[in-house]
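Asker: According to the UniProt record's numbering, the sequence shown is numbered sequentially starting from 1.
We put the beta carbon where it would ideally sit given N, CA and C, even for glycine.
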Amino acid sequence: MDKGEICAALDIGTNSTLFLLAEVDRHGVIRPILHDVRTNDLGRGIDRSGNLTRETIDLNINLLGAFNKKAEEYGAKCIRIAATEALRQAGNSEVLIRRAKEELGLDVRIISGEEEALLTYQGVISGIDIEDDTILAADVGGGSSEIILGRGDEILYSTSLKVGAVLLDSMFVRDNLPTDGQIEKMRAYSKEVLSELPASLLEGENRLVICGGTASSLAAADLGLSSYNPEKISGHVMTRSRLFEFIDQFQNCTLEQRRLIPGIGKRRAEIILPGTILITTFLDAIDRNHYYTSERGLRYGLLTP
Numbered sequence: 001m002d003k004g005e006i007c008a009a010l011d012i013g014t015n016s017t018l019f020l021l022a023e024v025d026r027h028g029v030i031r032p033i034l035h036d037v038r039t040n041d042l043g044r045g046i047d048r049s050g051n052l053t054r055e056t057i058d059l060n061i062n063l064l065g066a067f068n069k070k071a072e073e074y075g076a077k078c079i080r081i082a083a084t085e086a087l088r089q090a091g092n093s094e095v096l097i098r099r100a101k102e103e104l105g106l107d108v109r110i111i112s113g114e115e116e117a118l119l120t121y122q123g124v125i126s127g128i129d130i131e132d133d134t135i136l137a138a139d140v141g142g143g144s145s146e147i148i149l150g151r152g153d154e155i156l157y158s159t160s161l162k163v164g165a166v167l168l169d170s171m172f173v174r175d176n177l178p179t180d181g182q183i184e185k186m187r188a189y190s191k192e193v194l195s196e197l198p199a200s201l202l203e204g205e206n207r208l209v210i211c212g213g214t215a216s217s218l219a220a221a222d223l224g225l226s227s228y229n230p231e232k233i234s235g236h237v238m239t240r241s242r243l244f245e246f247i248d249q250f251q252n253c254t255l256e257q258r259r260l261i262p263g264i265g266k267r268r269a270e271i272i273l274p275g276t277i278l279i280t281t282f283l284d285a286i287d288r289n290h291y292y293t294s295e296r297g298l299r300y301g302l303l304t305p
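1) Quick check on Gly150: does DSSP put it in helix, strand or coil?
2) Count the other CB atoms within 10 Å of the CB of Ser216; is the residue buried (16 or more) or exposed (fewer)?
3) Please report the Cβ distance between Asp11 and Leu298, rounded to the nearest whole angstrom; I am assuming they are in contact, meaning their Cβ atoms lie under 8 Å.
4) Quick one: residues in its chain with C-beta nearer than 7 Å to the C-beta of Val24, no 5 flanking neighbours on either side, listed in chain order?
5) What did DSSP end up calling Ser217 once you bin it into helix, strand or coil?
6) Under three-state DSSP, which class holds Arg54?
7) According to the Cβ coordinates, are Ala138 and Ile46 closer than 8 Å?
8) Please state if the CB of Leu161 and the CB of Glu196 are separated by a distance shorter than 8 Å.
9) Just the C-alpha distance for Gly75 and Ile277, rounded to the nearest angstrom, thanks.
10) Just reading off the alpha helix (DSSP H) that Pro274 is part of, what are its end residues?
11) Using beta-carbon positions only, say whether Asp287 and Leu202 come within less than 8 Å of one another.
12) Decide if the stretch 147–156 is in contact with the stretch 221–231; the criterion is three or more beta carbon pairs, one per stretch, under 8 Å apart.
13) Would you list the residues sitting across from Met238 in a DSSP beta bridge?
14) Taking the straight line between their C-alpha atoms, what separation do you get for Leu260 and Gln251?
15) Considering only the alpha carbon of each residue, which of Leu118, Ala165, Glu73, Glu94 lies closest to Ser16?
16) Could you spell out the range, first to last residue, of the alpha helix (DSSP H) harbouring Thr120?
17) Three or more C-beta pairs closer than 8 Å, one from the stretch 33–47 and one from the stretch 166–180: is that the case here?
18) Assuming the contact rule is C-beta atoms closer than 8 Å, Asn60 and Leu96 should be a hit. Round their C-beta distance to whole Å, please.
19) What is the DSSP secondary structure of Asp2, counted as helix, strand or coil?
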């Protein structure tokens, strides 16, 4: 990557596509210029045969086209695109990839869970002064969640778990007012998946940092932000007790009422409860009472040297 280049990065997730336009200097410092996020419906746009529907593919090609146009307007020298769990699972992902190349000239790369974890960690640490600190980073996503333990630039442990907000919602939520029973099923399933984590994550001191759409939305809601503000979200501390207050609030209001909560957003409101349950279950699994929010993640990792 050349000195001072303007580059774009796209993280195609299970629920959202995240766009970052940034300048990267000769030291690898990433200075964001523009952020955007759009719901892509990939997690819900898979038919019974396990394939993405034509409508979902069309939607995502249009999203990619809009983001590509924005990158060109800013004179971006490169655009790096990574797709994760939804396209890893879809039986016809190659259709979307082929159309992106043929219609837009874009190279969409489906990355493994292991690479997703690595890039997520690199993105998270790009925004904090780590020195020799040990960082436990988690990206709570829609279709999968990545857990990474690292010290400085060295990764000590990483894994990608098949549990996320969209997955929990599709498996257990039957209407927009989840019952206590549905919540307990989501918690039990999350606990079972998280039981794969090694006991070593409980050992020693480390700083817990969580990124992803759920974490960012919870921070925005806790701060009462009416518009997205990455600078205020990054570093915001969320406590376990506050998360349970949110769970009680989300469970006892309709979808339309959740959509009116500042910071949550219209589409995020559909899966904010499962995502919050997953985060609290993760905190319980590693015996933590709080975490730091990071607005950075995979897309920042794509731009690291």
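Answerer: The short version:
1) strand
2) buried
3) 4 Å
4) Met1, Glu5, Cys7, Ile30, Leu303
5) helix
6) helix
7) no
8) yes
9) 41 Å
10) 272–285
11) In this structure, the beta-carbon distance from Asp287 to Leu202 falls below 8 Å.
12) no
13) Looking at the DSSP output, Met238 shares a beta bridge with Tyr291.
14) 14 Å
15) Ala165
16) Where Thr120 is concerned, the enclosing alpha helix (DSSP H) stretches over 113–125.
17) Here the stretch 33–47 lies against the stretch 166–180, with 3 or more beta-carbon pairs under 8 Å apart.
18) About 6 Å separates the two Cβ atoms, so the contact holds.
19) Residue confidence is low: Asp2 scores 48 on pLDDT, short of 50, so the model does not pin down where it sits. Its coordinate-derived value is still stated next. Coil.
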